[in-house]
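Asks: Following full-length UniProt numbering, the numbering of the sequence shown begins with 1 at its first residue and continues without gaps.
Glycine residues also receive a C-beta, built at the ideal position from the N, C-alpha and C atoms.
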Amino acid sequence: MRFERLLTGQAPEIDLREIERPDRFVETLAPLGWTDARVEAWLDWADTAAPGEADPEIALDGAPERYAARLAKAGREAGLFASENDARAFAADLVDSLLAGLAAPAGAAPPLPAPLPISAIEFRAAAAEHVSQARAGRLALEAAAQLEAALTAVSDAVLRCEGDARACADPARNVALTRAAQRARLAGASDASIADAVASAGAAGFSTPLREPARPTPLLGLAEPADVAAGDDASALAARASWETGALVLALSPADADHLSAGAAARVAVNAAVFLGDEGFDAAGFRHVVRLWTVALELERPADGAVALSLAGVGDWLLAQGLSPATLAGQQAAAALWALAAGEALAASAEVAQALGAAESFTADRQRITTALADRAALAAKLDAPLAVEAAAALEHAVIAVRAHGLRGTGIVAAFEEAETALRLGAKPGLDGAWSLVQAAETLDGVAVRQLSGAAQAALLAVGGDLDAARLHALGAGSLEDAPGLDHRALAAVGFTGHEIGLAEAALRSTGDLRAAFAPAVVGADFLSDVLGAPAEALADAAFDTLAFAGFAPEIIAAAQAHAVGTGQVHDCPALTPDAQALFRAFEAPSQADRIAFTAAVEAFACAPSPLALVAPFDARPSDLLRLQASAARAGVRALRLSRAKAPVGFTLALPEAPAEAPRARPPEPIVTERVVEKVVERRRERRKLPDRRKGYIQKAAVGGHKVYLHTGEYEDGEVGEIFIDMHKEGAAFRSLMNNFAIAVSLGLQHGVPLDEFVDAYVFTKFEPAGPVTGNDSIKSATSILDYIFRELGVSYLGRDDLANGDPQEFDADGLGRGKTTAEAEGETEDPAPLPASKFISKGFSRGATPDNLVFAAFGRRKGEEAKTNAAADQADICPACGDVALSRKGGLVVCESCNGQAERPSPRG
Numbered sequence: 001m002r003f004e005r006l007l008t009g010q011a012p013e014i015d016l017r018e019i020e021r022p023d024r025f026v027e028t029l030a031p032l033g034w035t036d037a038r039v040e041a042w043l044d045w046a047d048t049a050a051p052g053e054a055d056p057e058i059a060l061d062g063a064p065e066r067y068a069a070r071l072a073k074a075g076r077e078a079g080l081f082a083s084e085n086d087a088r089a090f091a092a093d094l095v096d097s098l099l100a101g102l103a104a105p106a107g108a109a110p111p112l113p114a115p116l117p118i119s120a121i122e123f124r125a126a127a128a129e130h131v132s133q134a135r136a137g138r139l140a141l142e143a144a145a146q147l148e149a150a151l152t153a154v155s156d157a158v159l160r161c162e163g164d165a166r167a168c169a170d171p172a173r174n175v176a177l178t179r180a181a182q183r184a185r186l187a188g189a190s191d192a193s194i195a196d197a198v199a200s201a202g203a204a205g206f207s208t209p210l211r212e213p214a215r216p217t218p219l220l221g222l223a224e225p226a227d228v229a230a231g232d233d234a235s236a237l238a239a240r241a242s243w244e245t246g247a248l249v250l251a252l253s254p255a256d257a258d259h260l261s262a263g264a265a266a267r268v269a270v271n272a273a274v275f276l277g278d279e280g281f282d283a284a285g286f287r288h289v290v291r292l293w294t295v296a297l298e299l300e301r302p303a304d305g306a307v308a309l310s311l312a313g314v315g316d317w318l319l320a321q322g323l324s325p326a327t328l329a330g331q332q333a334a335a336a337l338w339a340l341a342a343g344e345a346l347a348a349s350a351e352v353a354q355a356l357g358a359a360e361s362f363t364a365d366r367q368r369i370t371t372a373l374a375d376r377a378a379l380a381a382k383l384d385a386p387l388a389v390e391a392a393a394a395l396e397h398a399v400i401a402v403r404a405h406g407l408r409g410t411g412i413v414a415a416f417e418e419a420e421t422a423l424r425l426g427a428k429p430g431l432d433g434a435w436s437l438v439q440a441a442e443t444l445d446g447v448a449v450r451q452l453s454g455a456a457q458a459a460l461l462a463v464g465g466d467l468d469a470a471r472l473h474a475l476g477a478g479s480l481e482d483a484p485g486l487d488h489r490a491l492a493a494v495g496f497t498g499h500e501i502g503l504a505e506a507a508l509r510s511t512g513d514l515r516a517a518f519a520p521a522v523v524g525a526d527f528l529s530d531v532l533g534a535p536a537e538a539l540a541d542a543a544f545d546t547l548a549f550a551g552f553a554p555e556i557i558a559a560a561q562a563h564a565v566g567t568g569q570v571h572d573c574p575a576l577t578p579d580a581q582a583l584f585r586a587f588e589a590p591s592q593a594d595r596i597a598f599t600a601a602v603e604a605f606a607c608a609p610s611p612l613a614l615v616a617p618f619d620a621r622p623s624d625l626l627r628l629q630a631s632a633a634r635a636g637v638r639a640l641r642l643s644r645a646k647a648p649v650g651f652t653l654a655l656p657e658a659p660a661e662a663p664r665a666r667p668p669e670p671i672v673t674e675r676v677v678e679k680v681v682e683r684r685r686e687r688r689k690l691p692d693r694r695k696g697y698i699q700k701a702a703v704g705g706h707k708v709y710l711h712t713g714e715y716e717d718g719e720v721g722e723i724f725i726d727m728h729k730e731g732a733a734f735r736s737l738m739n740n741f742a743i744a745v746s747l748g749l750q751h752g753v754p755l756d757e758f759v760d761a762y763v764f765t766k767f768e769p770a771g772p773v774t775g776n777d778s779i780k781s782a783t784s785i786l787d788y789i790f791r792e793l794g795v796s797y798l799g800r801d802d803l804a805n806g807d808p809q810e811f812d813a814d815g816l817g818r819g820k821t822t823a824e825a826e827g828e829t830e831d832p833a834p835l836p837a838s839k840f841i842s843k844g845f846s847r848g849a850t851p852d853n854l855v856f857a858a859f860g861r862r863k864g865e866e867a868k869t870n871a872a873a874d875q876a877d878i879c880p881a882c883g884d885v886a887l888s889r890k891g892g893l894v895v896c897e898s899c900n901g902q903a904e905r906p907s908p909r910g
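Here it is, written out as structure tokens:
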């Protein structure tokens, strides 16, 4: 087999790169323009496909040279190459094609299970097991999520409890724990699990996130195209299995089922878009690379095994020419490209078979294979595309070569999709799908950025679109500056500073998600708690939405996200014409009908099928999947994989309220129970404002030597509604705290909080200054400023004489005080004198309406009289006969007026 160097000079310039590996940083030479992720993907491939001693002086540590040398050696040993120069040319072109991004090898494709006819009884049993496996995993995940949430609520009820730990863990004494445990029991948790949740509350645990259940093992079904198109009962069963699991592959011919079940031992993808330049499509270079890699695959093919060669970048190849995959012209152009690749690959395989011998599988099925090839050559000649003539000639040449020498296997050209191969090649392999027009790039300093693909930019210029507007619409502005409704000014208005906005925008450029950029881990949980007032429980939730908590509506967040990071798509750009939007929509959001038509047109020239993945909406029924399955079979699709989209986030059913139960025929027997009547007094929540001109009083006092001025304001009925606290020698911070404390108490009083609640809360609080009180006639000592203030308010407005004290040492350390002196005790017996009204009524407040001769007189019995009465009672004698105190003196006798008995003469008291 002869080879000539055709890719000389194709390899790009290389540069030294530092790449982060899982366990270390490495330096390697790599082509300019490759991203770090692409270089790392190639290094991952080298670990398995090209092992050996790394050579730091060669690109990718010499992995492409080692890979090519291994294949060239295998070809020489098998006698495939005519000379040593052919082997060297083969190896050199392999290396150049890898470094130039023309092709990339892929890993092996795992085989599928043996196909089962969907009309057979065995398929029904296998499908039932298949569905049961998927349903069990899904239900187990849902049940586990509910139980996890219920048991977490049980632990939280223990943690939130304040007080004795044993009481908090006892459902009989912790009402919140009782409710949480009952809900957990209703969710299906056992009492043992509830007890474990109570016992483990607050203990260090393990992070065990619930994982999505693994998909069931794929099931490969075989069906007749006519039966599927008609939607028979067996097809309905297959559609139901696809609706349940999404893991059923349906092949529409026995040969295709065999190809899918065999898998592929080696695969490679060729980037067709690279061969399209300013001078048109380089068909010669394309055919050379296809032939080159076909030989490489044949050298790696196991005995009578399967390999696969797929094209990549077909979407860019079409878009750069202004062709849409939704039109007949675009479909036929792509079909001609695949036909050209199939003809060249089959001819190369026949050359290898000439040197190494044909496979046994081909010998057994020679007539069918050659007939099918002849039919494809005739079909290619009917295509209306620029490559149709060349493709038909290549297929006809392949038919001749295959009839003469056979094939090394039953097929080689087959589409596949693999993320790693797409990353190494820089283009997506496969037949169809939504081709992304936004690709990853990297700046010279290693910063990852997004940009429109070269094909998208060329197409925009060709259709006369606004390139800058399309780029801004797809990629965004990269900043929240001038974002509608959520710009820097709007964020600053709710409390965000430039620091938090900068952190969020930096995270936004890497994550591309506005909500994730404002997550507590990015902007800071302390900031959200202190400034925005977010509770700690909400911040601990992984789904906490900072922007929604700050008051931004979902539509504003979505608009800001589109402004900052773009929509990622071009077709919905308002600056494009309708024709341009339709062109780009066919690549970014193709309809299912267009995908079916495109796949059927291209698969007509593939040796093996690639299951067409069609996703129905979440609310689709099995009958909808059956119709979709039938339409694909009628169009000529060779294999299908149908599935249903996941439920939308936050999906809920609109369930009506349960109907009321019908009245019973016989009323139940009355149950006599103790009736507990609870009186609920609801206070008004609106603020009760004070009058503009209000009365009150000012009390000056000193607590522990610190002057305190207490001002009060009253309603018309005399109820206190506000207080002011002024200090004399305290610092500015303490005075400000006391002023704001007074404001808070005033607001509470005006909103209906009873004064006695404040009094009970703050009396007996202890902090400095404290000690004797001077200047107050009722309170002589206090344990703190707040203790004094609320004692004074309690005595003055609530009649709480129990809070008054006349002894300044009453609240000293011993709590005993010094008692009253004799002078103080004698002073209490003096009669109170009338006081003028001016002592209690403000002349300015009354504005002269109070007479000058108005006085307040004392009413009731004086304290001295009460003391005399008590003393007389203490001096009275008691009758020894009846126990009464009604003894009286009559002459020299003492007679009891109650029982008329006589008592002995009492002795004089000292």
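Over the uninterrupted beta strand (DSSP E) stretch that includes Gln561, give me the two end residues.
Replies: Element bounds for Gln561: not the beta strand (DSSP E) but the alpha helix (DSSP H), Pro554 to Val565.
Asks: Can you name the start and end residues of the alpha helix (DSSP H) that Arg644 belongs to?
Replies: No alpha helix (DSSP H) contains Arg644, which is instead part of the beta strand (DSSP E) from Ala639 to Arg644.
Asks: Nearest to residue 924 by CA position, among Ala165, Gln367, Gln569 and Leu547, is which residue?
Replies: This structure leaves residue 924 out entirely; the chain is present only between 1 and 910.
Asks: By how many angstroms is the C-alpha of Ala381 removed from the C-alpha of Val389?
Replies: Between Val389 and Ala381, the C-alpha separation is close to 6 Å.
Asks: What are the partner residues of Arg267, as DSSP defines its beta bridges?
Replies: Partner(s): Ala106 and Ala308.
Asks: Which one of Gly721, Asn740 and Cys161 has the shortest CA to CA distance from Leu793?
Replies: Cα-wise, what sits closest to Leu793 is Gly721.
Asks: Using C-beta distances below 6 Å, list every residue in its chain close to Ala315, excluding the 5 sequence neighbours before and after it, in chain order.
Replies: Ala is not the amino acid found at residue 315; the sequence shown has Gly there. The answer, listed in chain order, is Trp435 and Phe587.
Asks: In three-state terms, what does DSSP make of Tyr697?
Replies: Three-state DSSP puts Tyr697 in coil, outside helix and strand.
Asks: Measure the alpha-carbon distance for Ala180 versus Ala201 and round it to whole angstroms.
Replies: Rounded to whole angstroms, Ala180 to Ala201 spans 13 Å at the Cα level.
Asks: In this structure, does DSSP put Glu722 in helix, strand or coil?
Replies: Three-state DSSP puts Glu722 in a strand.
Asks: Which residues bound the beta strand (DSSP E) around Ala251?
Replies: Here the beta strand (DSSP E) through Ala251 covers Leu248 to Ala251.
Asks: Let me check one thing: in DSSP terms, what residues is Ile14 bridge-paired to?
Replies: Beta-bridge pairing links Ile14 to Pro31.
Asks: Would you mind giving the Cβ-Cβ distance between Asn271 and Gly313, rounded to the nearest angstrom? I have them listed as a contact below 8 Å.
Replies: Their Cβ separation, rounded to whole angstroms, is 5 Å, which keeps Asn271 and Gly313 in contact under 8 Å.
Asks: If you count every other CB in all the chains shown that lies within 10 Å of the CB of Thr497, and 16 or more means buried, which is it?
Replies: Classification of Thr497: exposed, given that the 10 Å Cβ count is below 16.
Asks: Check Lys428 in the structure and name its three-state DSSP category.
Replies: The answer is coil: DSSP assigns Lys428 none of H, G, I, E or B.
Asks: Going along the chain, which residues of its own chain have a beta-carbon closer than 8 Å to the beta-carbon of Pro484, five neighbours each way excluded?
Replies: Correct list, in chain order: Ile556, Ala559, Ala560 and His563.
Asks: Considering only the beta carbon of each residue, do Ala283 and Ala639 sit closer than 8 Å?
Replies: Contact flag unset, no.
Asks: With a Cβ-Cβ cutoff of 8 Å, do Gly187 and Ala150 count as a contact?
Replies: It is Ala, not Gly, that sits at residue 187 in the sequence shown. Taking 8 Å as the Cβ cut-off, Ala187 and Ala150 qualify as a contacting pair.
Asks: By alpha-carbon positions, which one of Pro225, Glu57, Leu547 and Leu7 ends up nearest to Glu500?
Replies: Closest by alpha carbon: Leu547.
Asks: In the DSSP assignment, what residue or residues form a beta bridge with residue 944?
Replies: Only positions 1 to 910 of the chain appear in the structure, and residue 944 is not among them; the question remains open.
Asks: Beta carbon of Ala630, beta carbon of Val228: below 8 Å?
Replies: Contact flag set, yes.
Asks: Assuming Phe790 and Phe758 form a contact by the criterion Cβ under 8 Å, report the distance between their Cβ atoms to the nearest whole angstrom.
Replies: Right, their Cβ atoms sit about 6 Å apart.
Asks: Could you please give the first and the last residue of the uninterrupted alpha helix (DSSP H) stretch that includes Arg450?
Replies: Per DSSP, Arg450 belongs to no alpha helix (DSSP H); it is in the beta strand (DSSP E), Ala448 to Leu452.
Asks: Do the CB positions of Val175 and Pro218 come within less than 8 Å of each other?
Replies: Their beta carbons are not under 8 Å apart, which means Val175 does not touch Pro218 by this criterion.
Asks: Determine the burial state of Ile121: buried for a count of at least 16 other Cβ atoms within 10 Å of its Cβ, exposed for fewer.
Replies: It is exposed - the Cβ of Ile121 has fewer than 16 other Cβ atoms within 10 Å.
Asks: Once DSSP output is grouped into helix, strand and coil, what is the label at Gly498?
Replies: It is helical.
Asks: Can you list, in chain order, the residues of its chain whose CB lies under 7 Å from that of Ala348, leaving out five sequence neighbours each side?
Replies: The residues are Arg291, Thr294 and Val295.
Asks: Go to Val463, then tell me how far its alpha helix (DSSP H) extends in each direction, as first and last residue.
Replies: Segment: none, Val463 is in no alpha helix (DSSP H) and carries neither H nor E.
Asks: Should the segment 416-429 be regarded as contacting the segment 368-384, the criterion being three or more beta carbon pairs within less than 8 Å?
Replies: Because the criterion of three Cβ pairs below 8 Å is not met, the segment 416-429 and the segment 368-384 do not touch.
Asks: For Ala262 versus Pro111, is the C-beta spacing smaller than 8 Å?
Replies: Yes. Within cutoff.
Asks: Among Gly464, Val565 and Trp42, which residue has its Cα nearest to the Cα of Gly512?
Replies: Per the Cα distances, Val565.
Asks: Let me check understanding here. Comparing Cα to Cα, which of Leu60, His288, Ala575 and Pro105 lies closest to Ala419?
Replies: Minimum Cα distance to Ala419 is reached at Pro105.
Asks: Would you mind working out which of Val703, Ile118 and Glu714 sits nearest Glu730, comparing C-alpha positions?
Replies: That would be Val703, whose Cα lies nearest to the Cα of Glu730.
Asks: Restricting to runs no shorter than 4 residues, where is the alpha helix (DSSP H) found entirely within the segment 469-518?
Replies: For the segment 469-518, whole alpha helix (DSSP H) runs of length 4 or above, ordered along the chain, are 488-493, 498-511 and 514-517.
Asks: Can you tell me whether DSSP reads Ala534 as helix, strand or coil?
Replies: Note: Ala534 maps to coil in three-state DSSP.
Asks: Please state whether DSSP places Asn174 in a helix, a strand or coil.
Replies: It is coil, neither helix nor strand.
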